[in-house]
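Asks: For the sequence shown, the residue numbers in our numbering are 59 to 618.
Note that beta-carbon positions come from the ideal geometry of N, C-alpha and C, so glycine has one too.
Keep in mind it's a predicted model, so treat the numbers as computed, not measured.
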Amino acid sequence: MMNILIGQSDFKCLRESNSYYVDKSIFVEEILKCPYQVILLPRPRRFGKTINISLLHHFFEKTDMDKSFLFDGLAIKQSDIFHNHFSKYPVIFMTFKDVKNDSFEASLTKIARLIEKVIYQNSYLMRWENLSPVSLNLFEKIMNHKATISDYEDSLQVLSEELQKYHNKQVIILIDEYDTPIHSGYTHNFYNKIVGFMRNLLSGGFKDNSNLFKGVITGTLRVSKESIFTGLNNLGVFTLLNQRFSTCFGFDETEVKKILADKGLADDFSTVVKWYDGYNFGGKKIFNPWSLVNYISDPDNRPEAYWLNTSSMEMIEDVILGKSEEQKQVLRNELTDLIQDCYIEKNIDENIIMHDLHNKNKDVIWSFLLYSGYLKSIGRIDNEFENIHKLSIPNMEVKIAYRKLVQKWFADTVNTEDLTLMLQALTHGDIALFEKQLKTICMEIMSYHDFAGSPEKVYHALVLGMLVWLANEYVIRSNRESGYGRYDIILMPKDKSRQGIIIEFKRIEKDDGVEDVLNEALKQIHDKKYDVELKSAGVKNILKIAVGFTHKDVYLKQGN
């Protein structure tokens, strides 16, 4: 029987409990082979960053305890690297994953306790006769809670220096989830203070530190080098777009198939692919490890949005919903396209300055969503001047997050009862009521959104966004080829005995007759055979709707 520990991020505890472990020990070799002295590895939350840093900690740390048994049966133990590097280095290990406070003072207190813990773990230095009096004074102030901010900022540099002198061996510094306190600072308005502190703390450990052998840093984002890693010339950054370290985080297809087979769930592979696959790390197909482990641990093996429940959407909602109405309108259109399994093309910046998330450069949000795991790259477009990628939603689990976001978006501006009544009218074929409710909702939204510019796209996106509420009953598709053209919207019923729906939009110009425009839209549906896709899927009952609109009004007509 598989012994699975969910949420255990300590490598030693995992191995000592004989729990199921997917062998990622070659990560050690990848770190040592990397030419950079300091390595930054941004990856989405819950993709194994902390357990991998813990793996490095227990591998490299010089200790009186024999921990070689932790690596029995793992690939790294068969390598010469094991004999040359195992248990050979003083190690400083800190994880900031729980520093999620709502003020700078509370964050500093939490970080101070982490630094105090590291000093305590190396307290033998305080009894060493060759310890510098200045260093001893610093350590004592930290242990007695009398240290200043400057003292804490100096702690990594001073501790690494004394460890190197004591062991006559360069030090390895491991920092996990370095940007968690920075995210909190951004959310709770103490960003500049926490960035300044973290910059000074990390610079002390990593910048021009002759006592350093290797440094490894993990986080979710690469916060701009100008913000945190100023002057750090020995830094190598490997994001999820890079080939190096591509299989060290998350599970690849071979690993997933073995996990499912070991659990007796080999037949569930297609379900797991639909819900938890889809990530592209350096060209490698990667599954969400947190969600997969939770899925196989569920006695009923029901696919759910496990990662979504732990990976907070608060910052993403704050960024998107905090945009100007014009920016929100564009974002809503693009998010709605993504929900319909389309891709968008965006310039991706590997350096993210958090303040830029709310500025006029709307492309920053797409970089943020990509590196946070809410989008994937399906390919880079050759461009001499920009880093353009095709972006799409990775899987069903993440698609649920966007559906909820779009629903919340509309709930802020649309009366929910009006929307529910409108959708019921549509699915029951009551076009008169559907038209009445659509008019009502459009009037409600007119006070929030500008319909000038490209009103056809606005109405299209508006209706498409509202149809997200029907996603459990219908597959909603937009701007796809069927017959001899590209339809605007099709609602494909999951129950093929139900009615399928085709919607075509037409703008009514000043001199146009309303009836003529609606008839033209219905004729287009018929002539271009937009119903081919529905008929091919076995849908026999098909409702055809023409939607005509002016700047301020909407008209509908049902086709035969």
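1. Look at F105 and N258 and say whether their C-beta atoms are less than 9 Å apart.
2. Tell me the DSSP secondary structure of A319 in three-state form.
3. To the nearest angstrom, report how far apart N530 and S213 are at their CA atoms.
4. Return the Cβ separation of K332 and N453 in integer angstroms, given the expectation that the two are a contact with Cβ distance under 8 Å.
5. Which residue or residues does DSSP assign as beta-bridge partners of N338?
6. Buried or exposed for I64, going by 16 or more other Cβ atoms inside 10 Å?
7. By how many angstroms is the C-alpha of A469 removed from the C-alpha of L576?
8. Can you find the residues in the same chain that come closer than 6 Å, C-beta to C-beta, to V456, ignoring five residues on each side of it along the sequence?
9. Are R535 and E591 close, meaning C-beta to C-beta below 9 Å?
10. Assign Y79 to one of three DSSP states: helix, strand, or coil.
11. If I'm right that I139 touches V80 with Cβ under 8 Å, what's the distance once you round it to whole angstroms?
12. With DSSP run on the structure shown, which of helix, strand or coil describes G85?
13. Measuring straight from C-alpha to C-alpha, what distance separates R7 and R360?
14. Apart from the five residues just before and just after F426, which ones in its own chain have a Cβ nearer than 8 Å to its Cβ?
15. Looking at the structure shown, is S540 part of a helix, part of a strand, or coil, going by DSSP?
16. Just to check my reading of the structure: L290 and V96 have Cβ atoms closer than 8 Å, yes? What is that Cβ distance to the nearest angstrom?
17. Do P148 and K272 have their C-beta atoms closer together than 9 Å?
18. Measuring CB to CB, does I600 end up less than 9 Å from D589?
19. Have a look at the DSSP bridge pairing and note the partners of N405.
20. Leaving out the 5 sequence neighbours to the left and right, which residues in its chain are closer than 7 Å to N405 when beta-carbon positions are compared?
21. Scan the segment 516-561 and note each continuous alpha helix (DSSP H) run of 4 residues or more that stays entirely inside, going in chain order.
22. Report all residues from its chain with a CB closer than 6 Å to the CB of A579; omit the five preceding and five following residues, and keep chain order.
23. What is the DSSP secondary structure of D376, reduced to helix, strand or coil?
24. Which of helix, strand or coil does DSSP assign to T276?
25. Can you tell me the Cα-Cα spacing of L189 and A459, whole angstroms?
26. Which same chain residues end up closer than 7 Å to V216 when comparing Cβ atoms and leaving out the 5 residues on each side of it in sequence?
27. Could you give the DSSP three-state label for F69: helix, strand or coil?
28. Identify whether E235 lies in helix, strand or coil by the three-state DSSP scheme.
29. Between which residues of its own chain and L221 is the CB-CB distance below 6 Å, once the five residues before and five after are set aside?
30. By how many angstroms is the C-alpha of D335 removed from the C-alpha of P357?
31. Using the three-state DSSP reduction, which class does F327 fall into: helix, strand or coil?
32. If you draw a straight line from the alpha carbon of M82 to that of E408, how long is it in whole angstroms?
33. With a threshold of 16 other CB atoms inside 10 Å of the CB of Q179, please say whether the residue is buried or exposed.
34. Distance check for D234 and S112, CA to CA, integer angstroms please.
Replies: By the coordinates alone:
1. As a first step, residue 105 is located in the sequence shown; it is residue number 47 there, counting from the start. As a first step, residue 258 is located in the sequence shown; it is residue number 200 there, counting from the start. Judged by their CB atoms, F105 and N258 are not nearer to each other than the 9 Å cut-off.
2. By 1-based counting over the sequence shown, the position of residue 319 is 261. A319 falls in the helix class under three-state DSSP.
3. By 1-based counting over the sequence shown, the position of residue 530 is 472. By 1-based counting over the sequence shown, the position of residue 213 is 155. Cα-Cα distance, rounded: 54 Å.
4. Position 274 of the sequence shown, counted from the start, is the residue given in the question as residue 332. Position 395 of the sequence shown, counted from the start, is the residue given in the question as residue 453. Rounded, the Cβ-Cβ distance is 7 Å, consistent with contact.
5. In the sequence shown, residue 338 corresponds to position 280, counting from 1. N338 is bridged to K343.
6. Along the sequence shown, read from residue 1 onward, the residue named residue 64 stands at position 6. Residue environment analysis places I64 among the exposed positions, since fewer than 16 neighbouring C-beta atoms fall within 10 angstroms of its C-beta.
7. Walking along the sequence shown from the start, residue 576 turns up at place 518. Walking along the sequence shown from the start, residue 469 turns up at place 411. Cα-Cα distance, rounded: 30 Å.
8. Numbered from its first residue, the sequence shown carries residue 456 at position 398. Result list for V456: Y432, in chain order.
9. Taking the first residue of the sequence shown as 1, we reach residue 535 at position 477. Taking the first residue of the sequence shown as 1, we reach residue 591 at position 533. Contact flag set, yes.
10. For this step, residue 79 is matched to residue 21 along the sequence shown. In this structure, Y79 counts as coil in the three-state DSSP scheme.
11. By one-based count along the sequence shown, residue 139 stands at place 81. By one-based count along the sequence shown, residue 80 stands at place 22. At roughly 20 Å, the Cβ-Cβ gap does not stay under 8 Å, so I139 and V80 are not in contact.
12. Residue 85 sits at position 27 when you count from the first residue of the sequence shown. Per the sequence shown, the amino acid found at residue 85 is Phe instead of Gly. Reduced to three states, the DSSP call for F85 is helix.
13. In the structure displayed, the chain extends from 59 to 618; residue 7 sits before or after that span and is not available.
14. By 1-based counting over the sequence shown, the position of residue 426 is 368. Cβ within range, chain order: L279, I374, V377, I410 and L415.
15. Here residue 540 is taken as the residue at index 482 of the sequence shown, counted from 1. If DSSP states are grouped into helix, strand and coil, S540 belongs with the strands.
16. Taking the sequence shown and counting its residues from 1, one reaches residue 290 at position 232. Taking the sequence shown and counting its residues from 1, one reaches residue 96 at position 38. Going by Cβ atoms, the distance from L290 to V96 rounds to 7 Å, so yes, they are a contact pair.
17. Counting from 1 along the sequence shown, the entry for residue 148 is found at position 90. Counting from 1 along the sequence shown, the entry for residue 272 is found at position 214. No, Cβ-Cβ distance for P148 and K272 is not below 9 Å.
18. Walking along the sequence shown from the start, residue 600 turns up at place 542. Walking along the sequence shown from the start, residue 589 turns up at place 531. In contact: I600 and D589 (Cβ atoms closer than 9 Å).
19. If you number the sequence shown from 1, residue 405 lands on position 347. When DSSP reads this structure, N405 sits in a beta bridge with I446.
20. Your numbering for residue 405 matches position 347 in the sequence shown. Here the set comprises D421, E444, N445 and I446.
21. Counting only runs of 4 or more, we get nothing.
22. Numbered from 1 along the sequence shown, position 521 holds the residue referred to as residue 579. Correct list, in chain order: E562, K564 and A604.
23. In the sequence shown, residue 376 corresponds to position 318, counting from 1. Correct three-state label for D376: helix.
24. Counting from 1 along the sequence shown, the entry for residue 276 is found at position 218. When DSSP states are grouped into helix, strand and coil, T276 belongs to the strand group.
25. Taking the first residue of the sequence shown as 1, we reach residue 189 at position 131. Taking the first residue of the sequence shown as 1, we reach residue 459 at position 401. Taking the straight line from one Cα to the other gives about 54 Å.
26. As a working note, residue 216 is residue 158 in the sequence shown. Around V216: S193 and L196.
27. Against the sequence shown, residue 69 aligns to sequence position 11. Here F69 sits in helix by DSSP.
28. Your numbering for residue 235 matches position 177 in the sequence shown. Annotated three-state conformation of E235 is coil, per DSSP.
29. Along the sequence shown, one-based indexing puts residue 221 at 163. The answer, listed in chain order, is P148 and V229.
30. As a position in the sequence shown, residue 357 is number 299, starting the count at 1. As a position in the sequence shown, residue 335 is number 277, starting the count at 1. The alpha-carbon separation between P357 and D335 amounts to approximately 21 Å.
31. Locating residue 327 in the sequence shown gives position 269, counting from the first residue. The DSSP-derived three-state label of F327 is helix.
32. Position 24 of the sequence shown holds residue 82. Position 350 of the sequence shown holds residue 408. First, the residue type needs correcting, since residue 82 is Lys and not Met in the sequence shown. Going by the C-alpha atoms only, they are around 25 Å apart.
33. As a position in the sequence shown, residue 179 is number 121, starting the count at 1. It is exposed - the Cβ of Q179 has fewer than 16 other Cβ atoms within 10 Å.
34. Walking along the sequence shown from the start, residue 112 turns up at place 54. Walking along the sequence shown from the start, residue 234 turns up at place 176. Their backbone Cα atoms lie some 9 Å apart in a straight line.
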